[in-house]
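Per this note's numbering, numbering through the sequence shown is continuous, rising by one, with the last residue being 504.
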Amino acid sequence: MTTRRPRLAPVLAAALLLAASAIAAPAPSVPAWPRAVPQGSLVVAHVEPGSRVTFGGRDLRVTARGEVVFGIGRDARGPAEVDVRHADGTPERIAIEVVAREWPTERVVGVPPKTVEPPPEVAERIRREQARVVAARARDDARSDFLARFTWPLQGRISGRFGNQRVYVVDGHDVPKSPHSGMDIAAPEGTPVKAPAGGIVTFVDADLYLTGGTLLIDHGHGVSSNFLHLLRIDVKAGDRVEQGEVIGAVGKTGRASGPHLHWGLNWFDTRLDPLLLLARD
Ligand SMILES: [Zn+2]
224 MTTRRPRLAP VLAAALLLAA SAIAAPAPSV PAWPRAVPQG SLVVAHVEPG SRVTFGGRDL
284 RVTARGEVVF GIGRDARGPA EVDVRHADGT PERIAIEVVA REWPTERVVG VPPKTVEPPP
344 EVAERIRREQ ARVVAARARD DARSDFLARF TWPLQGRISG RFGNQRVYVV DGHDVPKSPH
404 SGMDIAAPEG TPVKAPAGGI VTFVDADLYL TGGTLLIDHG HGVSSNFLHL LRIDVKAGDR
464 VEQGEVIGAV GKTGRASGPH LHWGLNWFDT RLDPLLLLAR D
């Protein structure tokens, strides 16, 4: 009997150690909050289910598994502050450093002049069209398609980067415009465009004044993709699309100097950089 007792101690110690590590160590599938993110990032983070999370004055949806998502805009200055009220009522403020990026100027030659300096009579049309797109982006569905590892909508050279300053050259003079709101991928006219992640088609219009053939896919929780200048659109509003499904074809409709896909990514009305999403783990 006395000889067996000492053997119990190490076994108990090991068991206690295992129990302690099971409590202390987070599940391997739950990454910690990022300490710093670049401007233009879509941020996915985890809390315990049942927590309440607010960011930018908005209550974020929390999935059953505790995922939340939000966006850090191009011009955001750090730190980004997220308020978490844990399921047990404990408040916590999480500060994420926002890493500033450089925004070079891109000069764009060869777009139709009427799309750079639209005649006054189309101003109302442009305003109405933009309001419809903004309304589609306000959607806040419980679907979590945004959790997918996003894939390229087509293969091609990046011909315009998110956030860069844009200057259009029209009749020999420079016209500065808003920063580029997405990523341009050059490809021959008619190249199939595939959904980078699943979602619901929330907007389709073959002929918007500035963006031509325009398509929006909602990935849930306010995250949406927009595809502009399309030659052809193969889906209709309300359709469910899966990642990799062909949704349209590359064109040069609207304010475009040549055939390319413009892929924009939004968290509600905050514009984000799709390229950062493709590099996401
Ligand atoms: Zn573009």
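The beta-carbon is built from N, C-alpha and C at its ideal position, and this holds for glycine as well. Given the structure is predicted, the values throughout are model-derived calculations rather than measurements.
Item to check | Residue(s) in a DSSP beta bridge with residue 487 | outcome: Here the question's residue 487 lines up with position 264 in the sequence shown. In DSSP, residue 487 forms a bridge with 449.
Checklist entry - Hey, is the region 298-315 in contact with the region 367-374, meaning 3+ C-beta pairs nearer than 8 Å? => result no
Next on the checklist: Just to confirm, is the Cβ distance from residue 446 to residue 490 under 9 Å?
Outcome noted: In the sequence shown, counting from the first residue as 1, residue 446 sits at position 223. In the sequence shown, counting from the first residue as 1, residue 490 sits at position 267. In this structure, residue 490 lies closer than 9 Å to residue 446 by Cβ.
Checklist entry - Helix, strand or coil for residue 415 per DSSP? => result Taking the first residue of the sequence shown as position 1, residue 415 is located at position 192. It is a strand residue.
Checklist entry - By Cβ distance below 6 Å, which residues in the same chain neighbour residue 322 in space, the five residues on each side in sequence not counted? => result Indexing the sequence shown from 1 puts residue 322 at position 99. Same-chain partners within the cutoff: 259 and 261.
Next on the checklist: Tell me which residue opens and which closes the beta strand (DSSP E) that residue 578 is part of.
Outcome noted: No information on residue 578 is available, as it lies outside the stretch 224 to 504 that the chain covers here.
Next on the checklist: Shorter than 8 Å, the distance from the beta carbon of residue 496 to the closest heavy atom of ligand 1, or not?
Outcome noted: As a position in the sequence shown, residue 496 is number 273, starting the count at 1. Checking the Cβ of residue 496 against ligand 1 gives no.
Checklist entry - What are the start and end residues of the alpha helix (DSSP H) that includes residue 349? => result Position 126 of the sequence shown, counted from the start, is the residue given in the question as residue 349. Element bounds for residue 349: 346-360.
Checklist entry - What runs of the beta strand (DSSP E), each 3 residues or longer, lie entirely inside the region 273-314? => result 275-278, 281-283, 290-294 and 303-308
Checklist entry - For residue 361, is the classification buried or exposed, using 16 other Cβ atoms within 10 angstroms of its Cβ as the cut-off for buried? => result Position 138 of the sequence shown, counting from 1, holds the residue named residue 361. Burial call: exposed.
Next on the checklist: Three or more C-beta pairs under 8 Å: does that hold for the region 383-390 against the region 339-350?
Outcome noted: no
Next on the checklist: Given a cut-off of 9 Å on the beta-carbon distance, is the pair residue 470 and residue 416 in contact?
Outcome noted: Within the sequence shown, the letter at position 247 stands for residue 470. Within the sequence shown, the letter at position 193 stands for residue 416. Closer than 9 Å, so yes.
Next on the checklist: Mapping the DSSP letters down to three states, classify residue 364 as helix, strand or coil.
Outcome noted: For this step, residue 364 is matched to residue 141 along the sequence shown. The answer is coil: DSSP assigns residue 364 none of H, G, I, E or B.
Checklist entry - Is residue 357 buried or exposed, if buried means 16 or more other CB atoms sit within 10 Å of its CB? => result Counting from 1 along the sequence shown, the entry for residue 357 is found at position 134. Exposed, since its Cβ has fewer than 16 Cβ neighbours within 10 Å.
Next on the checklist: Whole angstroms are fine: how far does the CA of residue 473 sit from the CA of residue 414?
Outcome noted: Your numbering for residue 414 matches position 191 in the sequence shown. Your numbering for residue 473 matches position 250 in the sequence shown. Near 5 Å, if we compare the C-alpha coordinates of residue 473 and residue 414.
Next on the checklist: Measuring CB atoms only, is the region 420-438 touching the region 454-461, in the sense that at least three cross pairs come out at less than 8 Å?
Outcome noted: yes
Checklist entry - In chain order, what residues of the same chain have a beta carbon less than 6 Å from the beta carbon of residue 443, not counting five sequence neighbours either side? => result Indexing the sequence shown from 1 puts residue 443 at position 220. Closer than 6 Å at Cβ, skipping near neighbours: 364, 366, 367, 368 and 369.
Checklist entry - Who are the near neighbours of residue 316 in its chain, counting only those whose CB is closer than 8 Å to its CB and skipping five residues on each side? => result Walking along the sequence shown from the start, residue 316 turns up at place 93. Result list for residue 316: 304, 305, 306 and 307, in chain order.
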